[in-house]
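S.K.: My numbering puts the first residue of the sequence shown at -5, with every later residue one more than the last. A virtual CB, placed ideally from N, CA and C, is assigned to each residue, including glycine. Please read all numbers here as calculations on a predicted model, not as lab measurements. Take this structure first; my questions come after.
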Amino acid sequence: MCRLSYIVILSFIHVFLVSFSCYSQRKELDEEAYQKWRRVDSYKLSPDGKWVLYRYMYFDNDAANEVTRNIYYFYEVKTGRTSTLECSDTPEFFAGGEWIAYDKSTGDDVIRVARCLRNSKEIPLREGMELNPEIPLVAYQTNDTLVVKGLEAKDSLMLTGVGTYYLYDKDWKIVYLKREADSHVIYFGSRNKAGKYECIYRDNTKRLDHFYFNEWGLDGGFSFDGKEGEKGYYTFSLKTKLVEELLNNDKIGEMNIDTRSVRQLGTSKRVMFEKRKKAQAAKPKGKKDESFTLELWSWNDPVIPSQQEISGYRPQKLTPEKFMSDATNGKCFQLCEAGHPELYMAETDQPTYAYEKDETPYLDKRDWLHDARFDLYLVNLATAEHRLVAEALTRRVYWSPNGDYLLYYDNNKRSWVILEPGTFTRKVLADEIPYPLYDELYDRPNPAPSYGIAGWSTDGKQLIVYDRFDIWVVDLSGATDTYCWTKEEGRKRNTIFRLFNIDWDIVRVDVKGECRVMSTDWTTKNTGVWTLSPSGKLTPQIEGAFMLTISQQSTDGKTLLCTRQNYQEDRDLWIADASFRKMRKITNVNPQRADYKWGTMQQVEWTNYAGKTNQGLLYLPDDYDKNKSYPTIVTFYETHTPEMHIHPVPGLSHAMIDIPTYVSKGYIVFQPDVYFEIGNPGKSSYDAVVSGTKALIDRGIIDPKRVGLQGHSWSGFQAAYLVTRTNMFTCVNIGAALINLTSVYTGIREESGIPCMLMYEDWQCRMGTTLWENLDGYIENSPLLFADRIHTPALIFHCDKDGAVSYYDGRNLFLALRRLQRPAWMLNYVGEGHFLGARPAQKDWTIRLEQFFNHYLKEEPMPRWMKEGINIHERGYDQKYDF
């Protein structure tokens, strides 16, 4: 099919889906509307910043996606023009962004082609070709022939007899192993000097093996097998053009070295290795007794049977001993015993130390600890001394770029700690920075995480670390004082400043140059981009009531691809210059939204029953009139205001209500933030949710006679707890909820086979103790045990294949309410899990949930399924949606 036909079909589909009817008569959101909603997908900025690639995909329309998934758009930044391209996979930029590689359909065949975006020239490619990211070159190997092909200049290269090869540098220099008639040779040189490659090693008596090359150091290594069985291990350097022997035949034989395990330490003459394992015949299992099956649960098993069954179980094999050999003095010694953890060395030329993370002391505690704990050891690579640094750590450990300091986060001190390995002296950053380095708002029992580190100075001598709001610079050696780079402006403004990092990883930071920082105003949740000077001056470039994300930037940093969104503004692509003075939207993902009632959203504040300032999100219908009464639904999970500028996507309900849909249909929706006190999750929820609802009632926003409550999973527990403590809600939907903590504590999460107790002791359920250490607390937070206090009509949602929360919890609550003769209905979508996955089930749930709330909050008639029920013979025949 030609491209024009595809575009015509695509246009027809979207025009058919998107109704441009009278704007003055906006419609309510419904299932038909859901199928029109799209997202911008597979977007990329070319490295040269000249092109933006993207496509549109529908959230809930498989038929439309069959067409749109193969239509890619190319936006030319300079001209603003957009062109299209058909391909069955995402095009890949290369050659600085001037070329793309993609799969092109030609009749019944699909071929790989390279296309020049500048002039639309296309060249067929072989499958598996390497693409040069900087210049128009491609490479491939057929048998022992290496071809490097220029797509524009006539500078192609063909080499024969090539074994292992590496292409490096921008213009693809080559280092390769060549098998000649009577020898093995290692050549290297420039691609443009065909036939003039330098030989760095040649041997006609040995077979080279395990050849490798490190581009960053321009060095590598190889082992060999001689004709007489002799072995050796060598390293080479393209800088010095030298080859050195690190392990000779005598050493390999004496130590029984497995040459495949050899690892050189930086550029030193030291290597680590393991011994060859002795081949062991597999022990026969004998005949399996299938007359019965026994499942044995043992108190000291490393993994319980339920987890073994789901994740598979293999007895842990001991890691082999590690040895060190130093070619400078001929010494060889054992570095680690069998069963040792992995060694982590700094990526430096001459590493002196390594560290180990030993999880062994905590393996038998995994059933009740959420985070994997480990003890940190420092290993001296010269003496093999293993020295304990810290215990029960949970966060990532770092070597400084120069390998002279070790950085770890100490959970007990709640601080980053810098260790100088040679003297074993520590610098605790909490002693130097006057504000917490741990998440002050973290409210789970497991150790609070840090605010993170931004990176290291370009010379590797300084650490850049965050507190809640600001950026700090720490001299690793202590030669200069620690200082706040942002001069505590973040704390003064209640604004979080973070250095921009396109790769979301630890980077080198130029503390002597101007840097870009991202901002989040914690009061308004507005985001922005600022510049930060070496002296700490902050200058805003852009800031507003939206969530701004820089997704990619050009190689020169002058062109940025961003997404921007808020409740009213969809998540479209924007292109910007480095100053953000020139910023324009390049996509219009959902123009049809203007046809629908959407409502407004605002952040509200009140003082909760714990005496603290509480925030939440309030959604109001388009035609909101403070003098009118509206139905209201209070729906929540944990915290919502930090995400207030994320644009919602309307759709069928998987569990919770779809907020834009309910607002579109005249509902007020309230989402209060909940922060928890360890050991009192139910009361914490009550203090926040009930106080917030009461505050909106007192302000005349909410009609106290028309307030529904909804929660699912963790908030399902909270909703169930709340209706045992208050009758203020007209009706409640309780979904997939924890109902009896005293029984669920020793339950099993069916999806993973893991015990539930870790959720209570160390994670989301926030009890923070065993059941027996706080029995009264577990009872207090078990809604089932107080079901007699529930007088709120309840719609319970819980499916029989729920792998996160036991289906029996939902059923037990229903049976309790049935016994107490309280209005209650339970919906079990047979075969579904914690959330609904099948679209027909989602559609049915969306209908019944809305009918439930409409009956109690809009005084609509009770549908027949609520009035009559659906017996086993009626299932699938009569859904009883009607009244």
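#1: Evaluate Ser(-1) with the Cβ neighbour count: other Cβ atoms within 10 Å of its Cβ, from every protein chain shown; 16 or more gives buried, anything less gives exposed.
#2: Exposed or buried, what is Cys750 when buried is set at 16 or more other beta-carbons lying within 10 Å of its beta-carbon?
#3: Could you check whether Leu752 and Trp291 sit closer than 7 Å to each other, using their CB atoms as the reference points?
#4: Sort Thr629, Leu690 and Ala108 by Cα distance to Asn602 and report the nearest one.
#5: Would you say Gly943 and Gln301 are within 7 Å of each other, going by their C-beta atoms?
#6: I think Glu70 touches Trp45, with their Cβ atoms under 8 Å apart; what is that distance to the nearest whole Å?
#7: Taking Glu192 as the reference, which of Pro127, Lys233, Arg112 and Ala58 has the closest Cα?
#8: Taking Phe317 as part of the beta strand (DSSP E), name the residues at either end of that continuous run.
#9: As an exercise, report each continuous alpha helix (DSSP H) stretch of at least 4 residues that is fully enclosed by the stretch 509 to 553, in chain order.
#10: Per DSSP, which one or two residues make a beta bridge with Trp757?
#11: Which term fits Leu830, buried or exposed, when burial requires 16 or more other beta carbons within 10 angstroms of its beta carbon?
#12: Would you call Tyr875 buried or exposed, if buried means 16 or more other Cβ atoms sit within 10 Å of its Cβ?
#13: Quick test of your reading: Ala175 and Glu128, contact by CB under 8 Å. State the CB separation rounded to the nearest angstrom.
#14: What is the rounded straight-line gap between the Cα of Val142 and the Cα of Asp83?
#15: Enumerate in chain order the residues of its own chain whose CB-to-CB distance from Tyr561 is below 6 Å, with the five nearest sequence positions on each side excluded.
#16: Spatial neighbours of Ala384 within its chain, please: C-beta separation below 8 Å, excluding the five flanking residues on both sides.
#17: Could you spell out where the beta strand (DSSP E) holding Phe218 opens and where it closes?
#18: Ignore the nearest five residues each way along the sequence and tell me which others in Arg33's own chain have a CB closer than 6 Å to its CB.
#19: Quick check: the Cα distance between Asp358 and Leu732, rounded to an integer number of angstroms?
#20: Among the residues of its own chain, which have a CB less than 7 Å from the CB of Glu854, if the five just before and after it don't count?
#21: Skipping 5 residues on each side, what residues in its chain have a beta carbon closer than 6 Å to that of Gln547?
#22: Can you find at least 3 beta carbon pairs, one from the stretch 428 to 436 and one from the stretch 445 to 461, that sit closer than 8 Å?
#23: Short of 6 Å in beta carbon distance, which residues of its chain neighbour Thr342, apart from the five on each side in sequence? Order them along the chain.
#24: Please tell me whether Thr687 and Val628 are closer than 7 Å, where the distance is taken between their beta carbons.
#25: Could you please give the first and the last residue of the uninterrupted alpha helix (DSSP H) stretch that includes His849?
#26: Taking the alpha-carbon positions, what's the Tyr28 to Leu288 distance?
#27: Tell whether a beta-carbon distance below 7 Å holds between Arg760 and Arg438.
#28: Assuming Thr489 contacts Ser513 (C-beta within less than 8 Å), just tell me the rounded distance between them.
#29: Run the CB neighbour count on Gly863, radius 10 Å, all protein chains shown included, and call it buried at 16 or more, exposed below.
#30: Output the distance between the C-alpha atoms of Gln845 and Arg63, rounded to the nearest integer angstrom.
#31: Does the stretch 695 to 714 come close enough to the stretch 664 to 677 to have 3 or more Cβ pairs within less than 8 Å?
#32: Report yes or no: is there a C-beta of chain C within less than 7 Å of the C-beta of Gly247?
#33: Hey, quick one: how far does the alpha helix (DSSP H) through Tyr715 stretch, first residue to last?
#34: Counting C-beta neighbours from all protein chains within 10 Å, is the total for Glu303 16 or more, i.e. buried, or is it exposed?
#35: Would Pro278 be called buried (16 or more neighbouring beta carbons within 10 Å of its own) or exposed?
#36: Under DSSP, the beta strand (DSSP E) around Gln328 begins and ends at which residues?
M.R.: So, to answer that:
#1: Confidence is the limiting factor: at Ser(-1) the pLDDT is only 40, short of 50, which leaves the residue's position unreliable, though a coordinate-based value still follows. Exposed, by the Cβ-count rule.
#2: buried
#3: no
#4: Leu690
#5: No answer is possible for residue 943: it lies beyond the span of the chain, which begins at -5 and ends at 877.
#6: 6 Å
#7: Lys233
#8: Lys316 to Asp320
#9: none
#10: Paired residues: none, contrary to the question.
#11: buried
#12: exposed
#13: That belief does not hold up - the Cβ atoms of Ala175 and Glu128 are roughly 36 Å apart, past 8 Å.
#14: 24 Å
#15: Met595
#16: Asp369, Leu370, Tyr402, Asp404 and Val411
#17: Asp213 to Gly220
#18: Met51
#19: 26 Å
#20: Asn848
#21: Ile496 and Leu554
#22: yes
#23: Gly260 and Gly397
#24: yes
#25: Arg833 to Leu851
#26: 51 Å
#27: yes
#28: 5 Å
#29: exposed
#30: 36 Å
#31: yes
#32: The structure shown contains no chain C; it holds only a single protein chain.
#33: Trp708 to Leu716
#34: exposed
#35: exposed
#36: Cys326 to Cys330
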